[in-house]
Amino acid sequence: METQKLMEGIERAIRQAGEIMLHAHLNRSEIISKSGHKNFVTEYDRRVQEFLIRELSALHPEAAFFAEEEKEHHEEILSHGDVFVIDPIDGTSNFMKGYYPSCISIGMLREGTPYLGLIYVPMSGDLFTAVKDCGARRNGAVIHASQDPLGENLAVFGTSAYYDRETVQRAFDTAVYYQQRCIDVRRSGSAAYDLCMVACGAAGVYAEPLIQLWDFAAGALIAQEAGAVVTDYDGKTLTFRGSSGVVAVCPGAAGEDYLPMSGKE
Ligand code: LIP
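What follows is the structure, given as structure tokens:
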């Protein structure tokens, strides 16, 4: 299917899925704890995911799916053909608590590399999109990552909250690292949203030591297409085969020691 038509279809679906989030009336019985006491799924994560898989299968019947709330994740499907990588609600803890923001993230890999990315923030109505080699957009307008150095930028970081103590410690060391170099640090609670903030120049850098593919598949492409450099935590090429650390930095920081903890503290 022609890319333009595919994007239009996905955009329709993601906006409709946003309505499910906006009309949610969440009660305690609809919140389930997954592996680890800080990892939650709500009835609405499931509803949004089911809705998207139904709509996107009808739109692109040959595509496979790799979605957060599936029972099993088969990473071997990621490198063949078109695969939708879906986080039905990125920022589930925010959503549960009524804390802004949370978003719907849909990436599409083609032969294992990111080809399309859409992130919708229902509470603000913001839609971030990117098509490989065609730039990134916010509500249809082209966006660019910041040309300012880190010292003139905010940094956003993720806490890798569900993971082991060492990983979480790394996240907070990262926050201190950027706090020393940037105007200040922010923690939104959604990796997808953070990557969009780098893409549109609201933040100069985003880093999180460990997140899942569905958290970053769409956002990494959007940030990259906006001109950011997106790598793993060691500055190596980001792979789209499973979980990873992620760093996205604006072009204005070129030549700086921007990798977390690459300098002395
Ligand atoms: C969450 C992220 C958040 C990160 C968590 C988690 P979820 O996604 O976007 O920024 O710190 O580790 O991955 O679980 O709300 O989809």
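Position in the sequence shown counted from 1, then plus 236, gives you this note's numbering.
All C-beta atoms, glycine included, are put in the ideal place defined by N, C-alpha and C.
- Look at R477 here: in three-state DSSP terms it is coil, with no helix or strand label.
- Taking the Cβ of I325 as the reference point, at least one heavy atom of the ligand LIP falls within a distance shorter than 7 Å.
- In this structure, A443 keeps its C-beta atom at 8 Å or more from the C-beta atom of P350.
- Between A397 and the set A427, L390, L386, the nearest pair of CA atoms involves A427.
- L449: member of the alpha helix (DSSP H) spanning 449–461, first to last residue.
- The Cβ atoms of L386 and E492 sit closer than 8 Å to each other.
- Three or more Cβ pairs closer than 8 Å define a contact, and the segment 328–335 falls short of that threshold against the segment 453–471.
- In this structure, the C-beta of A428 approaches the ligand LIP to less than 7 Å from one of its heavy atoms.
- For the segment 241–328, the full-length beta strand (DSSP E) segments reaching 3 residues or more read 267–269, 276–278, 300–303, 318–326 along the chain.
- Assignment of Y429 by DSSP, reduced to helix, strand and coil, places it in the helix class.
- In this chain, T395 is not harboured by any beta strand (DSSP E), its DSSP state being neither H nor E.
- Counted as a single uninterrupted DSSP element, the stretch harbouring D384 is not any alpha helix (DSSP H), since DSSP gives it neither H nor E.
- Between L295 and G245, the C-beta spacing is below 8 Å.
- When secondary structure is reduced to three states using DSSP, Y413 falls in the helix class.
- With a cutoff of 7 Å, T278 does not count as near the ligand LIP, since its C-beta is closer than that to no heavy atom of the ligand.
- One thing to note: Y413 has its Cβ no nearer than 8 Å to the Cβ of R251.
- As a beta-bridge residue in DSSP terms, A372 pairs with A366, I379.
- According to DSSP, residue pairing for C339 in a beta bridge involves D326.
- For G353, the enclosing beta strand (DSSP E) starts and ends at 349–357.
- I342 and L474 have their C-alpha atoms some 18 Å from each other.
- In the three-state scheme derived from DSSP, where H, G and I count as helix and E and B as strand, M332 is classed as helix.
- By the Cβ-count criterion, E305 is buried, with 16 or more other Cβ atoms from all chains shown falling within 10 Å of its own Cβ.
- When Cβ pairs closer than 8 Å are counted between the two stretches, the segment 398–412 is seen not to touch the segment 429–436, the count staying below three.
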